[in-house]
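Residue numbers (the working numbering), protein chains in the order written: chain A, 234 to 346; chain B, 253 to 584.
By construction, the Cβ of each residue, glycine as well, lies at the ideal position given by its N, Cα and C atoms.
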Amino acid sequence: MHEMSLAQGVVRILEEQAVAQRFTIVKTVWLELGALSHVEPEALAFCFEVVARDTVASEARLEILRTPGQGWCMACSQAIPVATRLDPCPHCGGYQIQVTAGDEMRVKELEVE
Amino acid sequence: MCTTCGCGNPDGPPGGHHHGDEGHDHAHDHDHGHAHDHEAETRRIAVEQAILAKNDAYAAANRALLAERAGLALNLVSSPGSGKTTLLVRTIAALGDDLAIAVIEGDQQTSQDADRIRATGVPAVQINTGKGCHLDAHMVGHAMEQLFVEAATGTDLPGSSGRVLGRAPQRTTGTPASPGLRASPNLPAPTRPPPPGRSGAVPLENGILFIENVGNLVCPAPFDLGEAHKVVILSVTEGEDKPLKYPDMFAAADLMVINKVDLLPYVEFDVARCVEYARRCNHAIEVLQLSATTGAGMDGWLAWLDRERRALLAERKAALQAKLSALDAELG
Chain A
234 MHEMSLAQGV VRILEEQAVA QRFTIVKTVW LELGALSHVE PEALAFCFEV VARDTVASEA
294 RLEILRTPGQ GWCMACSQAI PVATRLDPCP HCGGYQIQVT AGDEMRVKEL EVE
Chain B
253 MCTTCGCGNP DGPPGGHHHG DEGHDHAHDH DHGHAHDHEA ETRRIAVEQA ILAKNDAYAA
313 ANRALLAERA GLALNLVSSP GSGKTTLLVR TIAALGDDLA IAVIEGDQQT SQDADRIRAT
373 GVPAVQINTG KGCHLDAHMV GHAMEQLFVE AATGTDLPGS SGRVLGRAPQ RTTGTPASPG
433 LRASPNLPAP TRPPPPGRSG AVPLENGILF IENVGNLVCP APFDLGEAHK VVILSVTEGE
493 DKPLKYPDMF AAADLMVINK VDLLPYVEFD VARCVEYARR CNHAIEVLQL SATTGAGMDG
553 WLAWLDRERR ALLAERKAAL QAKLSALDAE LG
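Below is the structure:
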């Protein structure tokens with residue numbers, strides 16, 4: 234369950250920010266998770282609750298923003314939406330696709346006190 | 253000893269990170285107490301930081317160290333039991349006399365895989381991840397330090413079955429096949445003890461470092477360890493639809509090795525369909541078929557290793573030549 238490591242990564246970022254930006258309580262965390270990122274949002278939310286205990290984020294609410302996947306079809310030479318890694322090009326039905334966006338896993342914004 | 257990140261080392265490099273919350277003293281002589289109440293002030297902060305930024309920074313450090321110390325580094329990923337260790341043992345038997353090879357083994361428990369590798373005569377470090385399901389770049393950085401520094405100084409690891417890194421109870425099982433970490437017989441012994449840290453001798457120069465990840469087709473996918481390529485190994489006993497079930501891993505890999513092809517007559521496994529599935533999630537993935545047990549198809553694997561190693565060395569040569577030209581120009 235690599236979501237545990239990812240959740241620890243999130244909390245580590247929050248603790249670093251707490252020192253740098255001088256706050257003691259995180260109220261809300263906005264996470265950006267691409268549709269093609271290597272993470273199950275529900276599993277990450279569960280792990281976050283566990284690892285955030287006794288930290289600046291113990292009361293934090295997790296808001297997950299899903300960003301859509303995008304790719305470039307080499308056969309059609311055009312940008313296409315990509316919902317999953319296994320989707321064919323909606324125009325030609327082929328798989329000559331280079332993913333260009335949608336694998337982000339980012340802490341975007343915080344609401345703090 | 254940690255020159256990768258300075259952890260556990262009071263003389264570590266600046267910028268090193270901290271493990272947990274080490275107790276420390278403040279030399280404060282002022283009062284922390286506030287005589288008045290603040291109205292809790294809520295504010296928003298833009299962060300925009302990748303969750304894996306830390307891992308990626310360690311991976312970049314590993315890559316830089318590898319560029320100094322080794323030729324090619326590969327991250328081998330697969331389900332448990334696909335034959336990764338058997339493939340490595342056979343690869344070492346084929347190449348070990350001509351090329352420096354070292355192995356980092358990742359498993360939740362035991363040093364059995366590292367023992368198997370060490371029995372072939374090449375250095376191996378075992379990382380036990382305990383409850384962890386994947387290797388990360390920080391763990392691999394430590395293992396690399398151990399390989400590069402201790403192999404270079406010819407230091408045998410304490411304990412008869414070698415040192416095991418990790419968070420788990422460091423229990424090793426079985427009878428050790430060979431004394432701890434030792435340099436490959438083809439490596440020149442250092443004539444004098446190298447200075448500590450990164451300036452030590454080069455046990456793996458232009459050779460290959462194999463990182464055998466924890467057997468798991470899911471969790472290792474997003475973690476960059478500093479490798480040149482992820483290589484996914486799929487054995488024919490696992491079923492041809494693995495790329496459809498675990499597309500992230502096949503998307504992250506540059507090469508798929510279909511192993512145990514000697515068993516193809518006895519199992520239902522459509523190789524062509526498997527390749528088609530893999531290319532649905534990764535149109536550029538290369539494919540090799542082999543049997544690490546019988547040796548069938550090993551030539552293709554060895555040729556791939558040679559090609560990739562040479563490509564990397566050629567890249568480094570070009571970079572050095574560019575540097576040299578710049579220096580020439582500078583000197584007129």
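Three or more beta-carbon pairs drawn from the stretch 299-306 of chain A and the stretch 262-269 of chain A are found closer than 8 Å, and the two stretches are therefore classed as touching. Using a C-beta cut-off of 8 Å, the stretch 454-465 of chain B makes contact with the stretch 320-327 of chain B, since at least three inter-stretch Cβ pairs fall below that distance.
When 7 Å is used as the limit between beta carbons, Arg531 of chain B is near these residues of chain A: Tyr328, in chain order.
Ranked by Cα distance from His535 of chain B, the first of A:Met237, A:Ala308 and A:Val283 is A:Ala308. Rounded to whole angstroms, the Cβ separation of Asp388 of chain B and Phe462 of chain B is 17 Å, and the two are not in contact under 8 Å.
Rounded to the nearest whole angstrom, the C-alpha separation of Glu282 of chain A and Ser291 of chain A is 7 Å.
Any Cβ of chain B closer than 8 Å to the Cβ of Ser238 of chain A would place that residue at the interface, and such an atom is present. The beta carbon of Ala503 of chain B falls within 8 Å of a beta carbon belonging to chain A, placing the residue at that interface.
The residue from A:Gln241, A:Leu247 and A:Met237 with its alpha-carbon nearest to that of Lys341 of chain A is A:Leu247. Annotation: Cβ neighbours of Gln254 of chain A in chain B (cutoff 8 Å, chain order): Ile297. For Gln303 of chain A, there are no C-beta contacts with chain B under 8 Å, since the nearest C-beta of that chain is about 15 Å from it. Pro323 of chain A is classed as exposed because its beta carbon has fewer than 16 other beta carbons within 10 Å across all chains shown. Under the Cβ distance rule, Arg294 of chain A does not count among the residues neighbouring chain B, no pair being separated by less than 8 Å.
Along the stretch 488-516 of chain B, the positions whose C-beta sits under 7 Å from a C-beta of chain A are Leu496, Pro499, Asp500 and Ala503, read in chain order. Taking 8 Å as the threshold, the shortest C-beta distance from Pro332 of chain B to chain A does not fall below it.
Contact between Met396 of chain B and Asn314 of chain B holds, since their C-beta atoms are separated by about 6 Å, short of 8 Å. Three or more Cβ pairs closer than 8 Å define a contact, and the stretch 566-574 of chain B falls short of that threshold against the stretch 525-544 of chain B.
DSSP links Val483 of chain B through a beta bridge to B:Leu328 and B:Leu507. Residues Leu269, Gly302, Gln303, Gly304, Ile330, Val332 and Gly335 of the same chain have their beta carbon placed closer than 7 Å to that of Val315 of chain A, with the five preceding and five following residues left out of the count.
One Cα belongs to Ile258 of chain A, the other to Arg286 of chain A, and the distance between them is close to 12 Å.
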